[in-house]
Amino acid sequence: MLRTDLYGNKLSTTNSTAIARLDEATELLLGFRADPLAAVDAAIAEQPDFAMAHAFRAGLMAMGMEEGGVAEAEASIAAAWDIPRMTDRERAHLVAAQAWAEGDFATAHRRYGAIAAEHPRDLFAQQVTHAFDFFLGDAAALRDRPMAAMRDWREGEAGFSWLLGMQAFGLEENGEYGAAEQSGRMALALQPADAWAVHAVAHVMEMQGRDQEGAAFLARREQDWAPAAILAVHNWWHLALFHLERGDFARVLGIYDRAVAAGVARGEAQPAIEMVDCSAMLWRLLLRGADTGRRFAQLSAAWQKAGGEGFYAFNDLHAVMAHLGAGRDDAAAQVLGAMRRAAAGQGTNARLTRQVGLPLAEGFLAFARGDYAKAAELIAPVRPRARAFGGSDAQRDVLSLTLLEAALRGKNLGMAQVLAGERIAAKPESPLAQDLWVRAGGPRLAA
Ligand SMILES: [Fe+2]
Numbered sequence: 030m031l032r033t034d035l036y037g038n039k040l041s042t043t044n045s046t047a048i049a050r051l052d053e054a055t056e057l058l059l060g061f062r063a064d065p066l067a068a069v070d071a072a073i074a075e076q077p078d079f080a081m082a083h084a085f086r087a088g089l090m091a092m093g094m095e096e097g098g099v100a101e102a103e104a105s106i107a108a109a110w111d112i113p114r115m116t117d118r119e120r121a122h123l124v125a126a127q128a129w130a131e132g133d134f135a136t137a138h139r140r141y142g143a144i145a146a147e148h149p150r151d152l153f154a155q156q157v158t159h160a161f162d163f164f165l166g167d168a169a170a171l172r173d174r175p176m177a178a179m180r181d182w183r184e185g186e187a188g189f190s191w192l193l194g195m196q197a198f199g200l201e202e203n204g205e206y207g208a209a210e211q212s213g214r215m216a217l218a219l220q221p222a223d224a225w226a227v228h229a230v231a232h233v234m235e236m237q238g239r240d241q242e243g244a245a246f247l248a249r250r251e252q253d254w255a256p257a258a259i260l261a262v263h264n265w266w267h268l269a270l271f272h273l274e275r276g277d278f279a280r281v282l283g284i285y286d287r288a289v290a291a292g293v294a295r296g297e298a299q300p301a302i303e304m305v306d307c308s309a310m311l312w313r314l315l316l317r318g319a320d321t322g323r324r325f326a327q328l329s330a331a332w333q334k335a336g337g338e339g340f341y342a343f344n345d346l347h348a349v350m351a352h353l354g355a356g357r358d359d360a361a362a363q364v365l366g367a368m369r370r371a372a373a374g375q376g377t378n379a380r381l382t383r384q385v386g387l388p389l390a391e392g393f394l395a396f397a398r399g400d401y402a403k404a405a406e407l408i409a410p411v412r413p414r415a416r417a418f419g420g421s422d423a424q425r426d427v428l429s430l431t432l433l434e435a436a437l438r439g440k441n442l443g444m445a446q447v448l449a450g451e452r453i454a455a456k457p458e459s460p461l462a463q464d465l466w467v468r469a470g471g472p473r474l475a476a
């Protein structure tokens with residue numbers, strides 16, 4: 030007889046100990062807690078032919094969006110491929126992960142989305158799909174899929190709150206800030222340790238320029254999100270971002286050193302998803318003229334150590350930022366070379382690199398060389414379509430900030446005024462927005 034996981038999804042194993050380990054891995058991942066990989070490996074040790082455990086492992090690698098995870102994903106898929114009596118859902122997970130491992134992110138995205146639609150109670154499928162919606166810039170799906178899955182849940186039922194947290198982030202990425210904050214706060218009322226829901230509310234405050242409130246919100250809830258090891262770096266990054274808005278560089282660098290780039294400072298490569306935050310923070314500091322000491326050099330070395338250029342354009346652009354900030358043209362040229370080869374190749378990343386990643390990387394290179402007119406010329410046309418290569422609105426704001434700085438330094442005041450006007454309209458209280466507005470020639474606003 031078939032058994033089910035905690036949420037009622039059928040599994041092809043009857044080993045209750047192995048199922049308990051898989052449930053544990055699922056819960057840990059939903060809460061971004063360490064260590065879902067260890068938990069799923071324990072499930073596999075308990076039941077080596079547990080198809081869903083292997084599929085979970087492969088999906089976990091896909092969520093990392095790094096080339097280093099491909100071989101691991103392939104090994105997990107191969108270990109499960111010939112297991113007899115697999116459920117259709119388990120098979121579908123394997124086939125979706127397979128597409129990712131082959132570099133066909135778009136097909137993986139579609140397949141995971143189909144599982145999520147067919148199995149609203151498969152929270153792992155919901156979470157992996159949410160990650161792909163994020164990586165490939167499908168903002169509407171970030172909002173709508175969790176909402177569609179809710180039809181199969183009772184409000185307040187254990188597990189339901191994770192969907193609310195996902196929905197909150199999706200609403201936020203669609204600019205529905207009021208509804209996003211409401212969903213995020215509802216999720217947190219049900220599950221205070223939902224680091225993704227905390228993150229969604231922080232995003233709302235970021236996008237509305239509520240920097241003091243945002244910093245206080247994150248500081249007050251630190252015990253809820255800081256232990257969520259898989260997301261903690263990113264939430265620390267958000268806290269630093271709030272302080273950056275007011276130009277409190279010492280505080281920003283304190284958080285950066287302690288909680289965002291601690292591994293990088295020790296000479297280690299951190300996961301790409303974390304080094305993206307390191308790059309983005311240092312680059313924003315560079316735009317502001319802050320002294321970042323040796324941090325760019327350390328980060329540049331860490332990106333180089335990690336390798337994997339040409340796998341995902343969003344990561345590549347951030348590696349380029351680190352190399353340019355470090356003044357290492359050789360390393361930047363190496364990544365740009367890998368991006369050009371990727372752009373000429375096959376797979377989803379070829380398209381993302383061609384259409385978004387490469388022109389942006391070339392624009393950032395021009396900026397670093399002081400060719401501000403060329404930087405603006407390269408970045409401006411890509412900015413409206415940059416969502417396609419992933420990241421959040423807040424992460425991609427580094428594009429707008431760089432473009433605005435290029436326009437200001439290149440004396441393109443027409444462009445600078447449009448961009449500064451856009452920012453001051455979104456964040457009227459933000460000291461940074463006000464400063465940029467005045468630099469672009471706008472009248473100083475009444476306090
Ligand atoms: Fe974020």
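The letter at position 345 of the sequence shown is residue 374 when you use this note's numbering, and the numbering goes up by one with no holes.
Glycine included, each C-beta is placed from N, C-alpha and C at the ideal position.
Residue environment, residue i, which counts as buried when at least 16 other CB atoms sit within 10 Å
{"i": "A248", "result": "exposed"}
{"i": "K440", "result": "exposed"}
{"i": "A187", "result": "exposed"}
{"i": "Q424", "result": "buried"}
{"i": "S45", "result": "exposed"}
{"i": "G419", "result": "buried"}
{"i": "P77", "result": "exposed"}
{"i": "P175", "result": "buried"}
{"i": "L474", "result": "exposed"}
{"i": "A100", "result": "exposed"}
{"i": "R323", "result": "exposed"}
{"i": "E210", "result": "buried"}
{"i": "A245", "result": "exposed"}
{"i": "D111", "result": "exposed"}
{"i": "E274", "result": "buried"}
{"i": "E202", "result": "buried"}
{"i": "R313", "result": "buried"}
{"i": "E184", "result": "exposed"}
Cβ-heavy atom distance, residue i to ligand 2, below 7 Å
{"i": "A423", "result": "In the structure shown, ligand 2 is absent; the only ligands present are ligand 1."}
Given residue i as reference, the closest of the options once Cα atoms are compared
{"i": "F343", "options": "G322, W312, N378 and D464", "result": "N378"}
{"i": "A216", "options": "A244, D253 and E235", "result": "D253"}
{"i": "I302", "options": "Q463, E451, S421 and A108", "result": "S421"}
{"i": "I453", "options": "Q237, M368 and R275", "result": "Q237"}
{"i": "E242", "options": "H267, H263 and A449", "result": "H267"}
{"i": "L315", "options": "H228, T431, P460 and P410", "result": "T431"}
{"i": "A291", "options": "P472, Q327, E184 and G399", "result": "Q327"}
{"i": "R50", "options": "F278, R32, L40 and A72", "result": "A72"}
{"i": "A125", "options": "E119, R140 and A372", "result": "R140"}
{"i": "S41", "options": "E119, Y206, F278 and E274", "result": "E119"}
{"i": "V157", "options": "F325, T55 and A255", "result": "T55"}
{"i": "V233", "options": "A257, A137, S212 and Y206", "result": "Y206"}
{"i": "G98", "options": "A335, V364 and S459", "result": "A335"}
Chain-order list of residues whose beta-carbon lies under 7 Å from that of residue i (same chain, five-residue window excluded)
{"i": "D286", "result": "A294"}
{"i": "D181", "result": "P149 and R150"}
{"i": "R468", "result": "L437"}
{"i": "L428", "result": "L389, I408, R412 and A415"}
{"i": "A178", "result": "A145, P149, Q155 and L192"}
{"i": "A269", "result": "V281, I284, Y285, V289 and M310"}
{"i": "R250", "result": "V227"}
{"i": "L433", "result": "A445, L448, A449 and L465"}
{"i": "A462", "result": "G238, R452, I453 and K456"}
Cutoff 8 Å; reference residue i; Cβ partners in own chain excluding five residues on either side
{"i": "D133", "result": "G376 and T377"}
{"i": "G470", "result": "L442, A445 and Q446"}
{"i": "D34", "result": "L40, I48, L51, D52, T55 and M81"}
Nearest-angstrom Cβ-Cβ length linking residue i and residue j, presumed shorter than 8 Å
{"i": "V305", "j": "H347", "result": "4 Å"}
{"i": "A130", "j": "I106", "result": "7 Å"}
{"i": "L260", "j": "F61", "result": "4 Å"}
{"i": "M368", "j": "G339", "result": "6 Å"}
{"i": "G194", "j": "A168", "result": "Their Cβ separation, rounded to whole angstroms, is 16 Å, which puts G194 and A168 out of contact at 8 Å."}
{"i": "E95", "j": "G337", "result": "6 Å"}
{"i": "F278", "j": "A319", "result": "5 Å"}
{"i": "N264", "j": "A231", "result": "7 Å"}
{"i": "A362", "j": "L353", "result": "The Cβ separation is near 10 Å, so there is no contact."}
6 Å Cβ shell around residue i - same chain, five flanking residues per side excluded
{"i": "A417", "result": "G166 and V385"}
{"i": "L58", "result": "P65"}
{"i": "A404", "result": "G392, A395, F396 and A435"}
{"i": "T43", "result": "R32"}
{"i": "Q127", "result": "I106"}
{"i": "H159", "result": "M195"}
{"i": "A135", "result": "T377"}
{"i": "D162", "result": "A170 and L171"}
Contact with chain C by residue i, beta-carbon distance below 8 Å
{"i": "E101", "result": "Note that chain C does not occur in the displayed structure, where there is just one protein chain."}
Cβ contact (3+ pairs, closer than 8 Å) linking the segment 187-198 and the segment 61-69: no
I'd like to know if the segment 73-88 and the segment 211-224 are in contact, where contact means that at least 3 CB-CB pairs between them fall below 8 Å. no
Is the segment 104-117 close to the segment 345-360, with three or more CB pairs under 8 Å? no
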